[in-house]
Amino acid sequence: MSYIRKIEGCDDMFLRNSWYVFGWAKDLIPGGKPMGRVVIEQPIVVWRDAQGMLHAAEDRCPHRHAPLSMGRIKGNTIQCMYHGMTFRTDGRCVHMPLMDPAPDVTIRIYPVVEKDSWIWVWTGDCALADESFIPAAFGIDDVERPMKSNSIEYDAHYQLVHDNLCDLSHVDFVHDTTLRQASGAHWSETAPRIQSNRGAIRFQRWFEGADLPGQSGEKVDTWITYDFALPGIFILKGARYPLGTAQLCQQTEPVGLEPLMRNIEQQAVTPISKTRTAYHYATGLIGDTREMTRQLAERMDVVMAAFEEDRQMIEAQQRIWDLTDPATPKVFVPQDKGPHLMRRLIERSMRDEHDTVKATEIQASAV
Amino acid sequence: MSYIRKIEGCDDMFLRNSWYVFGWAKDLIPGGKPMGRVVIEQPIVVWRDAQGMLHAAEDRCPHRHAPLSMGRIKGNTIQCMYHGMTFRTDGRCVHMPLMDPAPDVTIRIYPVVEKDSWIWVWTGDCALADESFIPAAFGIDDVERPMKSNSIEYDAHYQLVHDNLCDLSHVDFVHDTTLRQASGAHWSETAPRIQSNRGAIRFQRWFEGADLPGQSGEKVDTWITYDFALPGIFILKGARYPLGTAQLCQQTEPVGLEPLMRNIEQQAVTPISKTRTAYHYATGLIGDTREMTRQLAERMDVVMAAFEEDRQMIEAQQRIWDLTDPATPKVFVPQDKGPHLMRRLIERSMRDEHDTVKATEIQASAV
Amino acid sequence: MSYIRKIEGCDDMFLRNSWYVFGWAKDLIPGGKPMGRVVIEQPIVVWRDAQGMLHAAEDRCPHRHAPLSMGRIKGNTIQCMYHGMTFRTDGRCVHMPLMDPAPDVTIRIYPVVEKDSWIWVWTGDCALADESFIPAAFGIDDVERPMKSNSIEYDAHYQLVHDNLCDLSHVDFVHDTTLRQASGAHWSETAPRIQSNRGAIRFQRWFEGADLPGQSGEKVDTWITYDFALPGIFILKGARYPLGTAQLCQQTEPVGLEPLMRNIEQQAVTPISKTRTAYHYATGLIGDTREMTRQLAERMDVVMAAFEEDRQMIEAQQRIWDLTDPATPKVFVPQDKGPHLMRRLIERSMRDEHDTVKATEIQASAV
Chain A
1 MSYIRKIEGC DDMFLRNSWY VFGWAKDLIP GGKPMGRVVI EQPIVVWRDA QGMLHAAEDR
61 CPHRHAPLSM GRIKGNTIQC MYHGMTFRTD GRCVHMPLMD PAPDVTIRIY PVVEKDSWIW
121 VWTGDCALAD ESFIPAAFGI DDVERPMKSN SIEYDAHYQL VHDNLCDLSH VDFVHDTTLR
181 QASGAHWSET APRIQSNRGA IRFQRWFEGA DLPGQSGEKV DTWITYDFAL PGIFILKGAR
241 YPLGTAQLCQ QTEPVGLEPL MRNIEQQAVT PISKTRTAYH YATGLIGDTR EMTRQLAERM
301 DVVMAAFEED RQMIEAQQRI WDLTDPATPK VFVPQDKGPH LMRRLIERSM RDEHDTVKAT
361 EIQASAV
Chain B
1 MSYIRKIEGC DDMFLRNSWY VFGWAKDLIP GGKPMGRVVI EQPIVVWRDA QGMLHAAEDR
61 CPHRHAPLSM GRIKGNTIQC MYHGMTFRTD GRCVHMPLMD PAPDVTIRIY PVVEKDSWIW
121 VWTGDCALAD ESFIPAAFGI DDVERPMKSN SIEYDAHYQL VHDNLCDLSH VDFVHDTTLR
181 QASGAHWSET APRIQSNRGA IRFQRWFEGA DLPGQSGEKV DTWITYDFAL PGIFILKGAR
241 YPLGTAQLCQ QTEPVGLEPL MRNIEQQAVT PISKTRTAYH YATGLIGDTR EMTRQLAERM
301 DVVMAAFEED RQMIEAQQRI WDLTDPATPK VFVPQDKGPH LMRRLIERSM RDEHDTVKAT
361 EIQASAV
Chain C
1 MSYIRKIEGC DDMFLRNSWY VFGWAKDLIP GGKPMGRVVI EQPIVVWRDA QGMLHAAEDR
61 CPHRHAPLSM GRIKGNTIQC MYHGMTFRTD GRCVHMPLMD PAPDVTIRIY PVVEKDSWIW
121 VWTGDCALAD ESFIPAAFGI DDVERPMKSN SIEYDAHYQL VHDNLCDLSH VDFVHDTTLR
181 QASGAHWSET APRIQSNRGA IRFQRWFEGA DLPGQSGEKV DTWITYDFAL PGIFILKGAR
241 YPLGTAQLCQ QTEPVGLEPL MRNIEQQAVT PISKTRTAYH YATGLIGDTR EMTRQLAERM
301 DVVMAAFEED RQMIEAQQRI WDLTDPATPK VFVPQDKGPH LMRRLIERSM RDEHDTVKAT
361 EIQASAV
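Each protein sequence line maps, in turn, to chains A, B and C.
Per my numbering, the very first residue in the first sequence carries number 1; after that it's consecutive.
Per my numbering, the very first residue in the second sequence carries number 1; after that it's consecutive.
Per my numbering, the very first residue in the third sequence carries number 1; after that it's consecutive.
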């Protein structure tokens with residue numbers, strides 16, 4: 001499957017020097033059961049110690065390669081529940097039954113950060129892990145703008161999910177009776193303004209005269225801005241304004257105007273393997289809190305239905321790709337600008353990563 | 001798996017220049033949801049336009065290779081429900097949001113025919129598609145001889161299903177308590193007369209003194225004729241006559257005699273892939289209409305049970321083949337004459353097809 | 001997957017010249033339905049004739065390679081239920097419909113033995129099949145010491161199951177709330193004495209001051225001895241003695257002393273394929289019969305729960321192995337002595353088997 005153009009000398013399908021969303025921070029409780037997941041084919045375990053601090057390590061006990069995620073947290077250690085080998089949070093083995101001292105062995109520790117309600121793990125060279133690379137999101141626990149969250153998995157290559165997020169014209173078709181109707185807009189009839197910018201792509205657009213759902217005949221102007229950031233983060237802000245605002249703003253960003261209501265979306269695509277992908281998403285509304293609570297529950301139903309629609313379409317698309325000679329051409333249309341920029345962004349990043357690794361190797365061999 | 005002898009220079013497992021049964025015509029309604037299926041590893045979509053006319057195309061939108069079978073029919077077009085690309089029934093793209101004119105692209109159209117209640121698609125060179133090649137069947141909607149129909153799938157190579165149909169001695173064993181009992185005959189104790197004839201194999205036989213099921217002790221002579229036609233069509237006619245008729249006819253076909261009752265079977269084997277096969281079948285009785293209606297419902301129960309027996313045997317056989325060195329010999333017995341002729345028929349047809357393709361290539365390169 | 005060190009010139013993953021446990025003898029009734037299972041990738045059918053005698057053959061009819069396990073037993077023959085080919089218990093074909101004489105063909109017969117409630121099949125060179133190689137077990141039908149039995153399957157390589165049985169320190173972790181509690185002992189805190197001896201490994205140990213489960217505060221000394229024998233048989237005997245007995249015996253085997261109670265375990269690991277493994281186990285208690293009956297039912301619940309715990313751990317371990325470069329090192333700890341001896345035992349046996357086959361080939365070519 002030729003999802004991205006091959007980088008010369010590079011066999012990899014995944015960016016490694018990246019922060020990936022591992023899951024929702026709320027799903028791990030202090031001292032509770034650790035969580036094991038596979039990220040870009042690497043088994044990783046994440047847990048909180050008794051103080052609530054996050055830790056991440058390879059999910060593989062160096063003794064017999066059993067998963068540490070089936071283990072238990074004891075104070076500041078994680079213990080493999082196959083034969084009892086125990087590790088400190090710096091990866092060092094500190095206990096093995098019948099051995100004193102404990103064997104001189106460590107497990108790989110992953111940089112891990114909790115930010116905006118997500119757990120982020122860095123899968124590449126630790127020396128390069130810089131938290132400032134983590135793209136900004138909202139977080140789901142802000143009482144001013146509560147969000148509802150969920151996680152699903154796709155039987156598809158992650159780039160097919162990226163494609164989906166970088167071309168929202170599909171809302172009119174895949175989500176005809178869900179998100180399109182809830183948005184009151186027609187997503188395929190006008191094109192967003194797209195700008196590429198250092199590891200991210202920004203999409204902006206006005207929908208003039210959009211329907212206000214549930215209010216028959218009422219019209220609004222809706223401003224939408226969304227960002228796709230590496231390795232697969234999608235952040236959307238929507239805001240509804242009185243009819244005529246788009247013209248008033250000369251079709252540009254409405255600055256300093258108070259919208260009638262806002263919605264926000266926070267989504268992350270994390271490759272599990274070449275054939276399976278995790279998707280962690282949340283949706284929120286901003287406005288009068290009591291009214292919003294009811295509306296947010298309704299919206300979450302729509303969003304969950306819509307992502308099920310995406311899952312069905314993308315998995316069906318994957319099955320067709322599996323039956324298709326990779327050399328079979330695909331027609332390029334204006335809507336592909338976003339997916340195309342995303343693909344070039346990944347290719348460029350993979351090339352950078354490849355060159356960095358090679359440079360490091362040359363440096364190492366010179367020493 | 002060496003199901004057929006390899007044709008030199010030919011990697012293929014399937015006949016391509018063939019009419020395959022795609023499914024039952026009744027399952028598509030005018031302007032309704034299109035149907036996507038895989039035939040010999042080709043994803044194909046079939047739909048009816050508002051006038052009820054059938055159309056078939058590759059089930060792959062040329063934009064992002066999403067399946068058109070998840071699309072919708074709009075008048076005389078089919079629209080991909082991923083991003084809205086729309087095609088005429090001649091395959092030409094006539095609409096893409098944000099593009100005017102629409103992109104100059106077409107999808108592959110498959111010759112498609114409705115005949116005898118089946119939808120037939122031609123998977124090879126369109127120039128060679130000739131409807132007269134379609135073998136005759138009965139159709140299930142004839143009020144004089146109504147049939148009941150069903151479709152199932154096997155986790156097995158299609159040739160193992162062909163084998164099953166070309167050697168009905170298995171009725172005595174696989175269908176001991178179902179079809180054998182319903183037939184009142186012993187299928188393994190005598191051999192049918194077998195003739196091979198231009199893309200088809202005809203089997204004919206008398207069962208003398210067969211039991212009339214449900215009528216204790218009553219005996220009849222039963223004449224059975226069945227045809228296996230490429231690429232996998234099986235048509236059977238059975239007729240019960242008074243005891244002694246076989247002798248009266250000197251063991252040959254009873255011409256001009258009115259039978260006591262008749263049954264008919266219409267079956268199609270369509271390869272999905274090398275490991276999965278579709279099976280579309282119907283059964284019918286001919287006689288006094290009211291009585292037949294009740295009996296037909298009972299017969300359909302027997303037939304459905306019997307084909308479940310076949311499925312279990314053939315899938316179990318496939319699992320043994322998967323565990324077996326393909327070089328392991330198989331014992332040839334008289335019962336294999338039918339399967340052997342079928343195999344030679346397919347080999348010859350594949351060789352013809354291979355030679356035709358080569359000849360076309362030589363011609364093309366000479367031009 | 002590098003589960004064992006490769007034997008030079010030998011591609012095999014399995015010992016062949018071995019008696020494998022096929023299943024429980026009680027599951028086959030005289031003249032009843034034959035049973036088909038896959039042992040080291042070989043499809044095998046076992047049945048009892050009308051006299052109750054066991055027979056084993058390749059589960060593959062030489063006609064069309066359908067499984068004989070879907071066939072039926074007729075007197076002293078087994079008949080394929082696809083087309084009726086019938087075989088004597090010496091493998092010779094004695095009947096085929098429409099053929100007289102029957103075709104001159106035989107199926108491979110496997111040496112098969114019923115011993116200690118198990119059915120054993122020999123998968124290698126018949127000339128080498130010697131029943132005295134079968135390791136001793138208990139049998140589940142002895143009225144003096146009744147056992148309860150079960151069979152499960154693992155999605156894992158058989159050596160991961162062997163590892164599990166050869167290092168019972170895992171009882172403290174995997175079976176913390178089941179077997180560990182039921183044993184009243186701490187399995188990871190002391191090491192057993194381990195001796196390797198001609199195709200088997202013996203483990204022996206005292207647990208001093210173990211809890212007597214259900215009797216709060218009461219303490220006993222428990223003597224455990226268990227054997228792992230090729231190709232994957234595990235036999236355990238446990239006996240509880242009054243506190244102080246271990247000291248009295250100077251930590252050696254208690255000879256001639258009557259224990260308070262005993263338990264016995266009989267387990268067999270049989271590879272199905274490189275990725276799937278069968279596990280046939282039984283548990284028994286020895287003591288006052290009426291009281292034991294109730295306790296045995298309870299114990300069987302604990303044992304079944306424990307082997308489900310093993311299954312979850314071992315299958316999770318297998319998934320990690322599947323994601324791991326086989327060159328990744330594993331830390332060797334004292335607990336690995338048992339698994340290590342087991343691995344060396346298998347390697348040595350595979351080398352012997354390989355040399356035997358080569359010697360036979362040289363001898364054959366010299367003749």
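Note that CB positions come from ideal geometry on N, CA and C, so glycine has one too.
None of these values were measured; they are calculated from a predicted model.
Residue i, DSSP secondary structure in three states
i: phenylalanine 234 (chain C); result: strand
i: tryptophan 321 (chain B); result: helix
i: histidine 55 (chain B); result: strand
i: methionine 456 (chain C); result: Past the boundaries of the shown model lies residue 456 (chain C); chain C is included only from 1 to 367, so the question cannot be answered.
i: tyrosine 158 (chain A); result: helix
i: aspartate 211 (chain C); result: strand
i: glycine 23 (chain B); result: strand
i: arginine 60 (chain C); result: coil
Pair within 8 Å by beta-carbon distance, residue i and residue j
i: valine 171 (chain B); j: threonine 277 (chain B); result: no
i: leucine 212 (chain A); j: glycine 244 (chain A); result: no
i: isoleucine 201 (chain B); j: phenylalanine 228 (chain B); result: yes
i: phenylalanine 203 (chain A); j: tyrosine 226 (chain A); result: yes
i: leucine 28 (chain A); j: valine 45 (chain A); result: no
i: proline 97 (chain C); j: glycine 84 (chain C); result: yes
i: serine 149 (chain C); j: tyrosine 281 (chain C); result: yes
i: aspartate 141 (chain B); j: serine 169 (chain B); result: no
i: valine 174 (chain B); j: methionine 300 (chain B); result: no
i: isoleucine 40 (chain A); j: phenylalanine 14 (chain A); result: yes
i: methionine 53 (chain C); j: methionine 70 (chain C); result: no
i: arginine 64 (chain B); j: aspartate 163 (chain A); result: yes
Proximity test, Cβ basis, 8 Å: residue i and chain F
i: serine 69 (chain C); result: This model lacks chain F altogether; the protein chains it does include are A, B and C.
Per-residue burial, residue i [other beta carbons within 10 Å of its own, 16 or more giving buried]
i: glycine 369 (chain C); result: For residue 369 (chain C) there is no data in the structure shown, the boundaries of chain C being 1 and 367.
i: leucine 285 (chain B); result: buried
i: glutamate 298 (chain B); result: exposed
i: threonine 86 (chain C); result: buried
i: leucine 257 (chain B); result: exposed
i: valine 255 (chain A); result: exposed
i: glutamine 267 (chain A); result: buried
i: isoleucine 362 (chain C); result: exposed
i: arginine 311 (chain B); result: buried
i: valine 112 (chain B); result: buried
i: glutamate 353 (chain A); result: buried
i: aspartate 355 (chain C); result: exposed
*Taking one C-beta from the stretch 313-323 of chain B and one from the stretch 139-157 of chain B each time, how about it: are there three or more such pairs within less than 8 Å?*
Yes: the two stretches touch, three or more of their Cβ pairs being nearer than 8 Å.
*Taking only beta carbons into account, state which residues of the stretch 278-301 of chain B come closer than 7 Å to chain A, listed in chain order.*
Those residues of the stretch 278-301 of chain B that come within reach of chain A (Cβ to Cβ, closer than 7 Å) do not exist; the list is empty.
*Using 8 Å as the Cβ pair cut-off and three pairs as the minimum, do the stretch 301-314 of chain C and the stretch 55-74 of chain C touch?*
The stretch 301-314 of chain C, when compared against the stretch 55-74 of chain C, does not touch it at the 8 Å Cβ threshold.
*Would you check if the stretch 186-195 of chain A and the stretch 92-111 of chain B touch, i.e. whether three or more CB-CB distances between them fall below 8 Å?*
Segments in contact, yes.
_Near-chain C residues of the stretch 160-178 of chain B (beta-carbon distance less than 9 Å), N- to C-terminal order_ = Listed in sequence order: Leu160, Asp163, Asn164, Asp167, Ser169, His170, Asp172, Phe173, Val174, Asp176.
*Counting Cβ pairs closer than 8 Å, one from the stretch 123-133 of chain C and one from the stretch 235-249 of chain C, do we hit at least three?*
Two segments are said to touch when three or more pairs of C-beta atoms, one from each, lie closer than 8 Å; by this definition the stretch 123-133 of chain C does not touch the stretch 235-249 of chain C.
*asked:* Under 7 Å, CB to CB, which of the residues in the stretch 72-106 of chain C have a partner in chain B?
replied: Residues passing the 7 Å Cβ filter: Met81, Tyr82, His83, Gly84, Met96, Pro97, Leu98, Met99, Pro103, Val105.
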